[in-house]
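Read in this note's numbering, the sequence shown has 198 at position 209, and its numbers run on one by one without any break.
Below is one structure; the comments refer to it alone.
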Amino acid sequence: MSGHSKWATTKNKKAAIDAKRGKLFAKLIKNIEIAARTGGGDPNGNPTLYDAIVKAKKSSVPADNITRAVKRGSGEEAGGANYEEIVYEGYAPGGIGLIVQCLTDNRNRAAADVRSTLSKNGGSLAENGSVSFNFERKGQIVVPSEGVDFDSLFDMAAEAGAEDVENNGDTYIVTTAPSDVVTVRKVLQESGIDYDSAETTLVPLNEVDLDLDAAVKVNRLIDALDDLDDVQNIYANWSASDEVLQQLEDAE
């Protein structure tokens, strides 16, 4: 698991209880609306919606907000925005590759905000394909490690078709092919194993190890991008030692 992924996991936990809760909720609600619009409002027949709802509940999004988002997305209730997915590629300080996924109802606003934020924080936009070649799409299931035996989880996940299971401290990360994430998630559920999220993600093929100074600069840019209303997900190919990650966390 990359250093950035470990740091993102830590920040996601903190975000649920700090001043960014509103922005986190908005991102999760967008995911639910899009999933309902794409695959229908029944989570039992729409695994993407099912997992989006689980992730929202794990982050303490109120049940009423979730219900209304499903209804807006499925068309049962008026008020749903016409969100469009746009992906930008760019570079952070030190040549770190970035992929920024947006869900927006205003393409021009999203482009201007991403470009401006990159520029103000030492980054730059890149041509399509110049960064994404270094990432591959994978399925990832995040399992809380408390009370779960790693070896048992590894054997169960592998038998279900998972590619790898990594110990990330408070969580285990189960990696699958994108098409297998739902199948593996269901096997874990049927065995009584809880999970925080199950979704497809982008994983870097090669990472750049950063010292504290460089990690602070890259993290500052990622935080600024994450604060943009249209930005949904950010992927980066940086890593760092546990010591550097701890120093970053202590500085928050």
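The beta carbon of each residue, even a glycine, is placed where N, CA and C say it ideally should be.
Assigned secondary structure, SER63 (DSSP; H/G/I helix, E/B strand, else coil): helix
Sequence-distant residues of its chain with Cβ nearer than 6 Å to TYR39 (five each side left out): PRO32
Cβ neighbour criterion (16 or more within 10 Å) applied to PHE139: exposed
Among ASP183, LYS44 and VAL137, nearest to LEU13 - alpha-carbon criterion: LYS44
Residue(s) in a DSSP beta bridge with ILE312: Residue 312 is absent from the model: the chain starts at -10 and stops at 241.
Local conformation of GLU179 per DSSP, three classes: helix
Option nearest LEU234 by Cα separation, candidates ILE223, LEU201 and ILE211: LEU201
Option nearest ASP198 by Cα separation, candidates ASP231, THR172 and ILE162: ASP231
Candidates ASN97, SER186, PRO36 and ALA149, of which the one nearest TYR72 by Cα: ASN97
Contact under 7 Å by Cβ, GLU78 with ILE88: yes
Cut-off 6 Å between Cβ atoms - residues of its own chain near THR37, not counting five sequence neighbours on either side: ALA24 and GLY28
Where GLU196 sits in the DSSP three-state scheme: coil
Distance, ALA213 Cα to TYR184 Cα: 29 Å
Spatial neighbours of SER121 in its chain, beta-carbon cut-off 7 Å, leaving aside the 5 residues before and after: GLU78 and ILE88
Cβ-Cβ distance between ALA81 and LEU210 below 7 Å: yes
Check whether GLY62 and ARG26 have beta carbons under 7 Å apart: yes
Delimiting residues of the beta strand (DSSP E) encompassing VAL163: 160 to 165
Backbone secondary structure at ASN71 - three-state DSSP: coil
For GLU232, the three-state DSSP class (helix, strand or coil): helix
Length of the line joining the Cα atoms of GLU188 and ASN95: 25 Å
Helix, strand or coil at VAL173 according to DSSP, with G and I counted as helix: helix
Distance CB(ALA147)-CB(VAL173) smaller than 7 Å: no
Contacting residues, own chain, Cβ-Cβ under 6 Å from ALA58 (five flanking each side not counted): ILE18, ILE21 and GLU22
Helix, strand or coil at VAL205 [DSSP, three-state]: helix
GLY112 to ARG126 span [Cα, whole Å]: 24 Å
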